[in-house]
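Visitor: If you read the sequence shown in numbering that gives the first Met the number 0, its first letter stands for residue 0, the second for the next number, and so on.
Glycine included, each C-beta is placed from N, C-alpha and C at the ideal position.
Here the structure is a predicted model, which means the values were calculated and not measured.
Structure below; questions to follow.
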Amino acid sequence: MKTPPTSVVLRNITTIYLFTHSDYKTIFFPVVLHPSYDLATAHLFACQLFHAATWIWCHLLECNVSNQTFSAEEDIINKPWRPLPSGRIDIRSARALRWFLMIFCLFLSIPFGRGVFCASAALALVQIVHDDFGLSGHPISKNLCNVGGYLTFEVGSTLVISSGSSLDRTVLVALANSALVIFTTIHAQDFADTEGDRMSGRQTLPIVAPEGSRIYILTALFTWSFVLTRIWDLGPASGTIFIFMGALVGIRYFRFRDKIQDQLSFLFYSIWLFSAHLLPMNARGQVLAW
Numbered sequence: 000m001k002t003p004p005t006s007v008v009l010r011n012i013t014t015i016y017l018f019t020h021s022d023y024k025t026i027f028f029p030v031v032l033h034p035s036y037d038l039a040t041a042h043l044f045a046c047q048l049f050h051a052a053t054w055i056w057c058h059l060l061e062c063n064v065s066n067q068t069f070s071a072e073e074d075i076i077n078k079p080w081r082p083l084p085s086g087r088i089d090i091r092s093a094r095a096l097r098w099f100l101m102i103f104c105l106f107l108s109i110p111f112g113r114g115v116f117c118a119s120a121a122l123a124l125v126q127i128v129h130d131d132f133g134l135s136g137h138p139i140s141k142n143l144c145n146v147g148g149y150l151t152f153e154v155g156s157t158l159v160i161s162s163g164s165s166l167d168r169t170v171l172v173a174l175a176n177s178a179l180v181i182f183t184t185i186h187a188q189d190f191a192d193t194e195g196d197r198m199s200g201r202q203t204l205p206i207v208a209p210e211g212s213r214i215y216i217l218t219a220l221f222t223w224s225f226v227l228t229r230i231w232d233l234g235p236a237s238g239t240i241f242i243f244m245g246a247l248v249g250i251r252y253f254r255f256r257d258k259i260q261d262q263l264s265f266l267f268y269s270i271w272l273f274s275a276h277l278l279p280m281n282a283r284g285q286v287l288a289w
């Protein structure tokens, strides 16, 4: 019996969504909001925010498809609902889709200017060294690739949303802070995935230093929470809330150590990271001066 066209379309839409599902909270929403604090001063319209969100999502899909074609083994344990381990798509089709998306995203970036095109090309390069050359297998090189990925997302989306305007000091400081925060804390995502990572031979910080990595993430989140409140000049109440949030997430990682609790801790970390990307708003309108 022939499958109805609507069923095929719905299945493909679901497959595409499942590729990107894990990264809405850690990449899509934080990066969409990263340049949004500048909307009021740049007199931008909703369509430009839509353009930026579309650009981010297409590149997120590109990255996810690329990464997941190289992590199918560990995903059988860590994330069995993803398209490859669940059998929604085979590895050959996924890798063909990966190269198609890379070319598509480059062409998508051309109308937005040279800077956005360069950001797309840089992201493609980061994917290749992360996935094809195996830099994802070591904690430091993996974090460096994560930094490169986040920066290209943030630079590209900022240029899209500002119609190619140059990046001012506030944006540059925000980008630098984002890069350092990601480099020093993004291994928070690895605690819940140690079983699959260990099986695939990947060396993540929670595997290399099980106890030390939890002490480190506790210290790093508390320290960054304090530092960011000073950099963005938060008020006493908003600053205290943000510091408390970082300390709470760090304590959770140190105190609760099973897989389910690590998944919940990562959700709280994602909320903290999302909040950290909103702090530059205070440099524009003192909205967090309370």
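#1: Identify, in the order they occur along the chain, each residue of the same chain with its Cβ nearer than 7 Å to the Cβ of residue 85, setting aside the five sequence neighbours on each side.
#2: Mapping DSSP to helix, strand and coil, what is residue 275?
#3: Reducing DSSP to helix, strand and coil, say where residue 231 ends up.
#4: Thinking C-alpha only, which one of 101, 229, 200, 214 is nearest residue 322?
#5: Count the other CB atoms within 10 Å of the CB of residue 281; is the residue buried (16 or more) or exposed (fewer)?
#6: Taking the CB atoms as reference points, tell me whether residue 216 and residue 184 lie closer together than 8 Å.
#7: Between which two residues does the alpha helix (DSSP H) harbouring residue 203 extend?
#8: Any chance the stretch 195-211 sits against the stretch 168-179, with 3 or more Cβ pairs inside 8 Å?
#9: Can you give me the Cβ contacts of residue 220 inside the same chain, cut-off strictly under 6 Å, excluding the 5 residues immediately before and after it?
#10: Rounded to whole angstroms, what is the Cα-Cα separation between residue 122 and residue 105?
#11: Helix, strand or coil: how does DSSP classify residue 41 here?
#12: Closest by CA to residue 200, which one among 138, 56, 45, 230?
#13: Taking its Cβ as the centre, do 16 or more other Cβ atoms sit within 10 Å of residue 191, making it buried, or is it exposed?
#14: Could you tell me if residue 289 is buried or exposed, where buried requires 16 or more neighbouring beta carbons within 10 angstroms of its beta carbon?
#15: What separation, rounded to the nearest whole angstrom, lies between the Cα atoms of residue 113 and residue 144?
#16: Measure how close the beta-carbons of residue 195 and residue 22 come, nearest whole angstrom, since I'm counting them as under 8 Å.
#17: I'd like the list of long-range same chain contacts for residue 10, defined as Cβ closer than 7 Å, with 5 residues on each side in sequence excluded.
#18: Mark residue 40 as exposed unless 16 or more other C-beta atoms lie within 10 angstroms of its C-beta, in which case mark it buried.
#19: Could you tell me the boundaries of the alpha helix (DSSP H) in which residue 185 lies?
#20: Would you mind sorting residue 243 into buried or exposed? The rule is 16 or more other CB atoms within 10 Å of its CB.
#21: If you follow the alpha helix (DSSP H) that residue 149 is in, where does it begin and where does it stop?
#22: Since I believe residue 47 is in contact with residue 160 (beta carbons under 8 Å), could you give me their beta-carbon distance rounded to a whole number of angstroms?
#23: When the cut-off is 8 Å and only beta carbons count, does residue 77 lie next to chain B?
#24: Is it true that the stretch 147-155 meets the stretch 88-101, where meeting means three or more beta-carbon pairs spaced less than 8 Å apart?
#25: For residue 30 and residue 49, what's the separation of their Cα atoms in angstroms?
#26: Measure the beta-carbon distance from residue 277 to residue 233 and round it to whole angstroms, keeping in mind my assumption that it falls under 8 Å.
#27: Given a cut-off of 8 Å on the beta-carbon distance, is the pair residue 147 and residue 115 in contact?
Guide: The relevant details are as follows:
#1: Numbered from 1 along the sequence shown, position 86 holds the residue referred to as residue 85. Around residue 85: 79.
#2: Within the sequence shown, numbered from 1, the residue matching residue 275 stands at position 276. Three-state DSSP puts residue 275 in a helix.
#3: In the sequence shown, the residue the question calls residue 231 occupies position 232. Residue state, collapsed to three classes: coil.
#4: Summary: the structure shown does not reach residue 322, with the chain confined to residues 0 through 289, and so no result is reported for it.
#5: Counted from its first residue, the sequence shown places residue 281 at position 282. Counting Cβ neighbours within 10 Å, residue 281 comes out buried, since at least 16 surround it.
#6: To locate residue 216, count along the sequence shown from 1; it is residue 217. To locate residue 184, count along the sequence shown from 1; it is residue 185. It is a contact, given that the beta carbons lie within the stated cut-off.
#7: For the purposes of this step, residue 203 is taken as the residue at position 204 of the sequence shown. No alpha helix (DSSP H) holds residue 203; DSSP gives it neither H nor E.
#8: no
#9: To locate residue 220, count along the sequence shown from 1; it is residue 221. Excluding sequence neighbours, residue 220 sits near 245, 248, 249.
#10: The count along the sequence shown starts at 1 and reaches residue 122 at position 123. The count along the sequence shown starts at 1 and reaches residue 105 at position 106. Going from the Cα of residue 122 to the Cα of residue 105 covers about 10 Å.
#11: Mapped onto the sequence shown, residue 41 falls at position 42. Confidence in residue 41 is poor, its pLDDT being 49 and thus under 50, which makes the residue's placement unreliable; the coordinate value appears in the next sentence. Helix, per DSSP.
#12: What you label residue 200 is simply residue 201 of the sequence shown in a count that begins at 1. Ranking 138, 56, 45, 230 by Cα distance to residue 200 puts 138 first.
#13: Counting from one through the sequence shown, the residue named residue 191 turns up at place 192. Result: buried.
#14: Position 290 of the sequence shown holds residue 289. Answer is exposed; the Cβ neighbour count stays below 16.
#15: Counted from its first residue, the sequence shown places residue 113 at position 114. Counted from its first residue, the sequence shown places residue 144 at position 145. Cα to Cα, the separation comes out at about 22 Å.
#16: Counted from its first residue, the sequence shown places residue 195 at position 196. Counted from its first residue, the sequence shown places residue 22 at position 23. Their Cβ separation, rounded to whole angstroms, is 17 Å, which puts residue 195 and residue 22 out of contact at 8 Å.
#17: Here residue 10 is taken as the residue at index 11 of the sequence shown, counted from 1. Around residue 10: no qualifying Cβ.
#18: Here the question's residue 40 lines up with position 41 in the sequence shown. Note that residue 40 has pLDDT 46, beneath the 50 cutoff, so the model's placement of it is unreliable and the number below is only indicative. So residue 40 counts as exposed.
#19: Within the sequence shown, residue 185 is the residue found at index 186, counting from 1. That residue, residue 185, is in no alpha helix (DSSP H); it is neither H nor E in DSSP.
#20: Looking up residue 243 in the sequence shown gives position 244. Exposed is the call here.
#21: On the sequence shown, residue 149 is found 150 positions in, with the first residue counted as 1. Unbroken alpha helix (DSSP H) run through residue 149: 138-160.
#22: To locate residue 160, count along the sequence shown from 1; it is residue 161. To locate residue 47, count along the sequence shown from 1; it is residue 48. The pair is a contact, with the Cβ atoms about 5 Å apart (cut-off 8 Å).
#23: Judged by its chain identifiers, the structure shown contains no chain B, having just a single protein chain.
#24: no
#25: Reading the sequence shown from its first residue, position 31 is the one you call residue 30. Reading the sequence shown from its first residue, position 50 is the one you call residue 49. Computed Cα separation, rounded: 13 Å.
#26: Position 278 of the sequence shown holds residue 277. Position 234 of the sequence shown holds residue 233. That belief does not hold up - the Cβ atoms of residue 277 and residue 233 are roughly 11 Å apart, past 8 Å.
#27: Here residue 147 is taken as the residue at index 148 of the sequence shown, counted from 1. Here residue 115 is taken as the residue at index 116 of the sequence shown, counted from 1. No; because the gap between Cβ atoms is not below 8 Å, this pair is not in contact.
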